[in-house]
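Chains as they are written, first to last, in the numbering used here: chain A, 25 to 168; chain B, 25 to 168; chain C, 25 to 168; chain D, 25 to 168.
Every residue gets a Cβ at the ideal spot worked out from N, C-alpha and C, and that includes glycine.
Since this is a predicted model, take the numbers as computed values, not measurements.
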C-alpha cells in the first residue's frame, strides 16, 4: 500500500556550490555527482525535520538507495550554485521515494527520483519504524 | 525513428575490482559509483570495437549521459570482482542507449540503462556521424 | 625568491559537512577527500577576496596543485562539521603555497599543505599576473 | 626502530587506465585521484603477496593512511594507461611506509609516499601482527 505524501509539507531546498573536482574534461559536472547532490540534499531534508544520522543508528536502520532515475537537462559548471528541491513523495511500509529538481539560477539542470529501502545492520529489509515514517510526513521544523 | 540493435553483436563484458574508496560506512559500494562502473564498461566496449577517445575528438563530438536508471539488487563489497555486461540497445540519429547488468560471482548486483546524446564542443545536439553510428552496430573486433 | 605572506591577512575559515559518500567501510572519511576539502576551502578563500573562477579564466591561467602533504590526526565521520582554516603562506613568481588545519569541534583532524603553480592553457609554467599575486597578499573583503 | 625493506623484494607494478570521471575541467586527472591510484596499487601489491582483505579482517586490523606526500610532475589524461610502481620501504612496530612512482609511457607523472598505521577496529594504534609484518618483507608469489 502506497501512501502519497503532501508535497507542501514534504519539500525542502538545499543549496550547494559545484566543486572543482566534480567537473570532468567536458568542463561540466560529471553526471555521477548528481547522485551525491541528491544525497546531500536528502541529509539536509532530514536535518530540517530534526533527524540526525545518530537517530538512524539508534533505530538500527539504514536507508540505502535501491532504485534511481536521473534526467539531465542542462550542464552545470564549476562554482555555480545549485538549488536542490527535494520532496518526499511516497511511503510504503519499507520504502520511501524522493523526487528532486536541481536548478541553477532558475534553469532546470537535472530531475531525479530515488527509492530508498529500510534495512537493518544485516542489510535485510525491515519495516520502517513508526517514528521514522512520521518524519517523512513532516514539514520543516520552524526555528523561532 | 529508433533502430533496435542486435544484442549478440552489441554486447561486451568488462571486469573490474571494487576499490576501497568506493565503499561507504555501510561497508558496501556507494551507489553513485555504479555510474562510474557503467562508464568504464562503456569505454571498454568502445575499445573492443576499435574506438579510442582520440577518434571521438577527431569527429568533434562528445556523448554525455542525458538519462539514466539504476536498480540495485545486492550490495557489492571492497575487492570483489564485478562483471559489467554492456549492450548497446537502441540508436537514433542523435542518441544511443546502453543496458548494463553488473554481476558479482553470478549474482546480479545492479541493472542500469543510460541514454547518451551526441553533442558538439558547444554541448549542442548534433547528428551522430555515420562512422560512429556504425560502431554501435558492430561486434567486438577479433584479434587473431 | 620566496615572499612570506602575513598569516593574519592571508587566513580564512571554511565550514563544510562530511557527505555520506565521502566515508569508507572503516566508517570514517576516506583520506583522499581531504584534498577535496582543501580545494573547496581554497575556492572559498579566493571568493572572500573577490576572486571568481571567471577572473582566473580572463587571465588565461590555472593554478593546479603540484605538490601536497597531508597528516591525518583523527578520523572524521559522516555529517560532522569540519572547519578548514586556510592560510596562504608563501609566494614566488610562479607558485603559491597554502597551509590548512582541518578541525572538528576544536579537535585537529588533518594538517595539509599544497603548492600550486601558475600555468597557462597549455599547462606550461607562467608568471603569476601581478593582480593575481596581489590577491594572495590580501585580507578578506569586509562586506559592510 | 625503523627497519628498511629490500626494494627488490618489496616492489610491484600495477597498471590502470584513467577513467573519464577522474578528469577535471582542465582536461587532466584531478590530483586527489592519485591517492586512489596509490591505494589500488597497494591492494594489488598485497594480492601479489597472497593477502586478501579478508585476512586483514581476520587479524582484526586496518591500515589507514596517516601521512602522505604527492609531487605531480606531468598531467595524465583520460584513457591513458598508468603504471604505478609501489615499494614498501620502511617498517616499524606499528607503521609501514610505501613509495610510489606513477608513469605514463615511461614519463614520470607523480611521485608519492604514504605512511600507514596499524589500528584495531576501535581505530587505536595496535602492534602489527608478526604475520602481517612478514608480508611487507616478502617478494611477489611466483605462480608456476
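Checklist entry - Quick one: which chain C residues come within Cβ less than 9 Å of residue 49 of chain B? => result Within 9 Å Cβ-Cβ: 44, 47, 48, 49, 50, 51, 52, 101 and 102.
Checklist entry - So, is residue 158 of chain B buried or exposed, given that buried needs 16 or more other C-beta atoms within 10 angstroms? => result Classification of residue 158 of chain B: exposed, given that the 10 Å Cβ count is below 16.
Checklist entry - Based on the DSSP output, what are the partners of residue 96 of chain D in its beta bridges? => result As a beta-bridge residue in DSSP terms, residue 96 of chain D pairs with D/134.
Checklist entry - Are any of the Cβ atoms in chain B nearer than 8 Å to that of residue 153 of chain A? => result The beta carbon of residue 153 of chain A sits no closer than 8 Å to any beta carbon of chain B.
Checklist entry - Counting only beta-carbon atoms, is residue 38 of chain B nearer than 8 Å to chain D? => result So, not an interface residue.
Checklist entry - Do the CB positions of residue 107 of chain C and residue 39 of chain C come within less than 8 Å of each other? => result Yes, they are a contact pair.
Next on the checklist: So, for residue 95 of chain D: in the same chain, excluding its five sequence neighbours on each side, which residues have a beta-carbon less than 8 Å away from its beta-carbon?
Outcome noted: Answer for residue 95 of chain D: 134, 135 and 136, listed in chain order.
Item to check | Chain-ordered neighbours of residue 55 of chain D on chain C, where CB pairs are closer than 8 Å | outcome: From the beta-carbon of residue 55 of chain D, the residues of chain C found nearer than 8 Å are 59, 88, 89 and 92.
Item to check | residue 6 of chain A: first and last residue of the uninterrupted alpha helix (DSSP H) it sits in | outcome: The question about residue 6 of chain A has no answer, for chain A in this structure spans 25 to 168.
Item to check | Distance CB(residue 102 of chain C)-CB(residue 35 of chain C) smaller than 8 Å | outcome: Annotated as distal: residue 102 of chain C and residue 35 of chain C, with beta-carbon spacing of 8 Å or more.
Checklist entry - Can you tell which of C/121, C/77, C/111 and C/100 has the C-alpha that lies nearest to the C-alpha of residue 91 of chain C? => result Answer by Cα proximity: C/121.
Next on the checklist: Going by beta-carbon coordinates alone, are residue 33 of chain D and residue 114 of chain D separated by less than 8 Å?
Outcome noted: Using a Cβ distance threshold of 8 Å, residue 33 of chain D and residue 114 of chain D do not count as a contacting pair.
Checklist entry - Roughly how many whole angstroms lie between the Cα atoms of residue 80 of chain B and residue 37 of chain A? => result Their Cα atoms are separated by approximately 38 Å.
Item to check | Backbone CA spacing between residue 100 of chain C and residue 25 of chain B [nearest angstrom] | outcome: A direct Cα-Cα distance of roughly 52 Å separates residue 100 of chain C from residue 25 of chain B.
Checklist entry - Beta carbon of residue 105 of chain C, beta carbon of residue 41 of chain C: below 8 Å? => result Using a Cβ distance threshold of 8 Å, residue 105 of chain C and residue 41 of chain C count as a contacting pair.
Checklist entry - Near residue 51 of chain C, which residues of its chain fall below 7 Å by C-beta distance, leaving aside the five closest residues on each side in sequence? => result Within the same chain, and ignoring the five residues on either side of residue 51 of chain C in sequence, the residues whose Cβ sits closer than 7 Å to its Cβ are 101.
Checklist entry - Are the Cβ atoms of residue 74 of chain B and residue 145 of chain B separated by less than 8 Å? => result No; because the gap between Cβ atoms is not below 8 Å, this pair is not in contact.
Checklist entry - Taking 8 Å as the CB-CB limit, is residue 79 of chain C close to chain A? => result By this cut-off, residue 79 of chain C is not an interface position.
Item to check | C-alpha distance - residue 89 of chain B paired with residue 140 of chain B, whole-angstrom precision | outcome: Rounded to the nearest angstrom, the two C-alpha atoms are 4 Å apart.
Item to check | Classification of residue 152 of chain C by the beta-carbon crowding that lies within 10 angstroms, buried from 16 upward | outcome: When all chains shown are included, residue 152 of chain C counts as buried.
Checklist entry - Using a beta-carbon distance below 8 Å, is residue 164 of chain A in contact with chain E? => result Of the protein chains in this structure, namely A, B, C and D, none is chain E.
Checklist entry - Which term fits residue 65 of chain D, buried or exposed, when burial requires 16 or more other beta carbons within 10 angstroms of its beta carbon? => result Under this definition residue 65 of chain D is a buried residue.
Checklist entry - Quick one: what does DSSP say residue 68 of chain D is sitting in, helix, strand or coil? => result Correct three-state label for residue 68 of chain D: helix.
Checklist entry - Below 8 Å between beta carbons: does that hold for residue 56 of chain C and residue 59 of chain D? => result A contact, by the Cβ cut-off of 8 Å.
Checklist entry - With distances taken from CA atoms, which of D/77, D/62, D/142 and D/71 is nearest residue 164 of chain D? => result Residue 164 of chain D has its Cα closest to that of D/71, out of D/77, D/62, D/142 and D/71.
Item to check | Proximal chain D residues relative to residue 63 of chain B, where beta-carbon distance stays under 8 Å | outcome: Result: 43, 44 and 45.
Item to check | Per DSSP, cross-strand counterpart(s) of residue 120 of chain A | outcome: In the DSSP assignment, the residues bridged to residue 120 of chain A are A/115 and A/140.
Next on the checklist: Taking the straight line between their C-alpha atoms, what separation do you get for residue 166 of chain D and residue 125 of chain D?
Outcome noted: Rounded to whole angstroms, residue 166 of chain D to residue 125 of chain D spans 23 Å at the Cα level.
Item to check | C-alpha distance - residue 45 of chain B paired with residue 54 of chain C, whole-angstrom precision | outcome: The alpha-carbon atoms of residue 45 of chain B and residue 54 of chain C are separated by roughly 6 Å.
Checklist entry - Does the Cβ-Cβ distance between residue 49 of chain D and residue 98 of chain D come in under 8 Å? => result Contact flag unset, no.
Next on the checklist: At the 8 Å Cβ level, is residue 147 of chain D part of the contact set with chain C, yes or no?
Outcome noted: It does: the Cβ of residue 147 of chain D has a partner Cβ on chain C nearer than 8 Å.
Next on the checklist: Tell me which residue opens and which closes the alpha helix (DSSP H) that residue 79 of chain A is part of.
Outcome noted: It spans 77-83 - the alpha helix (DSSP H) in which residue 79 of chain A sits, taken as one unbroken run.
Checklist entry - So, helix, strand or coil for residue 164 of chain D, using DSSP? => result Coil.
Checklist entry - Between residue 127 of chain A and residue 109 of chain B, what straight-line distance do the alpha-carbon atoms span, to the nearest angstrom? => result Each residue's alpha carbon lies about 34 Å from the other.
Checklist entry - Around the C-beta of residue 43 of chain A, are 16 or more other C-beta atoms found within 10 angstroms, so that it is buried, or is it exposed? => result By the C-beta density criterion, residue 43 of chain A is buried, having at least 16 other C-beta atoms within 10 angstroms.
Item to check | Three-state secondary structure assigned by DSSP to residue 52 of chain D | outcome: DSSP places residue 52 of chain D in coil when its eight states are reduced to three.
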